[in-house]
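Peer 1: Before we start, here is the structure in question, set down as C-alpha cells.
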Amino acid sequence: RGWNGSGTIFFGWCNLRCIFCQNFETSQFGEGAEVTAAELARIMLDLQEIGCHNINFVTPEHVVPQILEALVIAVERGLRLPLVYNTSAYDSPESIQWMNGLINIYMPDFKLWDAEHCRKYLVASNYAEAARGVIAAMHAQVGELKVDENGLALRGVLLRHLVMPGLLEDTREIMRWIADTLSRDTYVNVMDQYYPAHKAETEPRFSEINRRTSDGEFCHARESARAAGLWRLDTRWRNVIPHGAPVWLPMMRQRTDKRASVN
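Note that the sequence shown covers residues 3 to 265 in our numbering.
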C-alpha cells in the first residue's frame, strides 16, 4: 500500500527449475547484466534516492555472499532502507543465518507439498522439506508481519502461496503447516496468478497443469486457509481471465528495477 514502490532487484538464475516459471528468461536462461559489488551498492542507493520504500532482493539465495559484500558498501554510503528477501524458499539454512539481523522482511513462496509434485514441477523432490526448515528460521528471526499506519510492511514474514490447478491437496497441507507450525497470525498471500508458461505450456507431459486455476479452485484454497485457522489473508490481487495469459503479462516482460512488491 505504499506510493513509491519497492526497489526490486532481480538476480539472474535460480536454484529451482520450475517448469511453469513465468520469468524463465531470467531464472533459467540468466537474462541480465553482470555487476560488481560496488555497482550493486550503487543500484540500491539509486533506488533509495528515487523514493522506494525498501530494497527487494528477488531470488537471492545463490548470490548471498555478493549481496553481503554490496551491503557493506551501500550502508557505508548511506543506505537506510529496510531490506526484503524475496525467495522461492529453496534456500540453504546458512544463507538465512547469514541474513539474520540484516533482513527486515522475508517474502518466501511455499509452492508445493507433495514430494512427487515437487520433483515433477520444481525439479527438486526435497523442496517442501527445505522450505519448511528455512521458513521456520525466517519466522524465528523476524516474527509476524508488522505494518505501519499506512499499511506499509515494516518487519516480519509475508508468506505467499500460488494456487496451482489440480493441486489443492498441496494447498491444504501447506495451510495446515503454516497455522500449526508457525502461527495462525501469519500473513499469507493466496495468489491466483498462475497461468501455463514455459514447459507447462509447450510440453504435453505437463498437460494437467496447462490451464489457469479455476474460480472454484481459488475459492477452495482460500477456504482451506481459513479452515486451518489463518485469518491474515491477502487475496486482493484476484483476477479472473478465462483464456490465455493475463493482460498484465506484457508489462511484466518490460521489467525495470523499480517495482511495487511490498507496498
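Note that CB positions come from ideal geometry on N, CA and C, so glycine has one too.
Could you tell me if VAL74 is buried or exposed, where buried requires 16 or more neighbouring beta carbons within 10 angstroms of its beta carbon?
Peer 2: Here residue 74 refers to the residue found at position 72 of the sequence shown. Looking at its Cβ environment, which holds fewer than 16 other Cβ atoms inside 10 Å, VAL74 is exposed.
Peer 1: Going by the DSSP bridge assignment, what does PRO110 pair with across the sheet?
Peer 2: Against the sequence shown, residue 110 aligns to sequence position 108. PRO110 is bridged to THR89.
Peer 1: Would you list the one or two residues that DSSP bridges to ASP236?
Peer 2: Within the sequence shown, numbered from 1, the residue matching residue 236 stands at position 234. DSSP output for ASP236 lists ASN191 as bridge partner(s).
Peer 1: For the beta strand (DSSP E) that PHE59 lies in, which residues bound it at each end?
Peer 2: Here residue 59 refers to the residue found at position 57 of the sequence shown. Boundaries of the beta strand (DSSP E) harbouring PHE59: 57-60, taken from the DSSP string.
Peer 1: Using DSSP with H/G/I as helix, E/B as strand and the rest coil, what is ALA35?
Peer 2: Looking up residue 35 in the sequence shown gives position 33. Here ALA35 sits in coil by DSSP.
Peer 1: Would DSSP call VAL269 helix, strand or coil?
Peer 2: The structure shown has nothing for residue 269, since the chain only spans 3 to 265.
Peer 1: Beta strand (DSSP E) containing PHE12: first to last residue?
Peer 2: Locating residue 12 in the sequence shown gives position 10, where the first residue counts as 1. Run containing PHE12: 8-12, per the beta strand (DSSP E) assignment.
Peer 1: In its own chain, which residues sit with a C-beta less than 7 Å from the C-beta of THR188, not counting the 5 before and 5 after it?
Peer 2: Within the sequence shown, numbered from 1, the residue matching residue 188 stands at position 186. Excluding residues within five positions, the ones whose Cβ falls inside 7 Å are GLU146, VAL159, LEU161, ILE180, LEU232 and ARG234.
Peer 1: Please classify CYS54: is it buried, with 16 or more other beta-carbons within 10 angstroms of its beta-carbon, or exposed?
Peer 2: By one-based count along the sequence shown, residue 54 stands at place 52. CYS54 should be labelled buried.
Peer 1: Tell me where the alpha helix (DSSP H) around LEU170 begins and ends.
Peer 2: Reading the sequence shown from its first residue, position 168 is the one you call residue 170. That run of the alpha helix (DSSP H) goes 170-179.
Peer 1: Could you tell me whether the Cβ atoms of HIS200 and CYS20 are closer together than 9 Å?
Peer 2: The residue labelled residue 200 in the question sits at position 198 within the sequence shown. The residue labelled residue 20 in the question sits at position 18 within the sequence shown. It is a contact, given that the beta carbons lie within the stated cut-off.
Peer 1: If you follow the alpha helix (DSSP H) that TYR129 is in, where does it begin and where does it stop?
Peer 2: Working through the sequence shown from its first residue, we reach residue 129 at position 127. Boundaries of the alpha helix (DSSP H) harbouring TYR129: 129-144, taken from the DSSP string.
Peer 1: With C-beta atoms as the reference, is THR89 less than 9 Å away from TRP15?
Peer 2: For the purposes of this step, residue 89 is taken as residue 87 along the sequence shown, with counting starting at 1. For the purposes of this step, residue 15 is taken as residue 13 along the sequence shown, with counting starting at 1. Contact flag unset, no.
Peer 1: So the alpha helix (DSSP H) ALA278 belongs to, where does it begin and stop?
Peer 2: Residue numbering for the chain in the displayed model covers 3 to 265; residue 278 lies beyond these limits and cannot be assessed.
Peer 1: Does DSSP classify LEU279 as helix, strand or coil?
Peer 2: Only positions 3 to 265 of the chain appear in this structure, which leaves residue 279 out of reach.
Peer 1: Between ASN58 and MET109, is the Cβ-Cβ spacing less than 9 Å?
Peer 2: For the purposes of this step, residue 58 is taken as residue 56 along the sequence shown, with counting starting at 1. For the purposes of this step, residue 109 is taken as residue 107 along the sequence shown, with counting starting at 1. Yes, these two residues count as a Cβ contact at 9 Å.
Peer 1: Just the Cα atoms here: how many angstroms apart are ARG214 and TYR197?
Peer 2: In the sequence shown, counting from the first residue as 1, residue 214 sits at position 212. In the sequence shown, counting from the first residue as 1, residue 197 sits at position 195. Taking the CA atoms as reference points, ARG214 sits about 5 Å from TYR197.
Peer 1: So, does the segment 92-99 touch the segment 40-52, judging by three or more C-beta pairs under 8 Å?
Peer 2: The segment 92-99 vs the segment 40-52: no contact.
Peer 1: Which two residues bound the contiguous alpha helix (DSSP H) that contains CYS54?
Peer 2: Start at 1 with the first residue of the sequence shown, and residue 54 comes out as number 52. In this chain, CYS54 is not harboured by any alpha helix (DSSP H), its DSSP state being neither H nor E.
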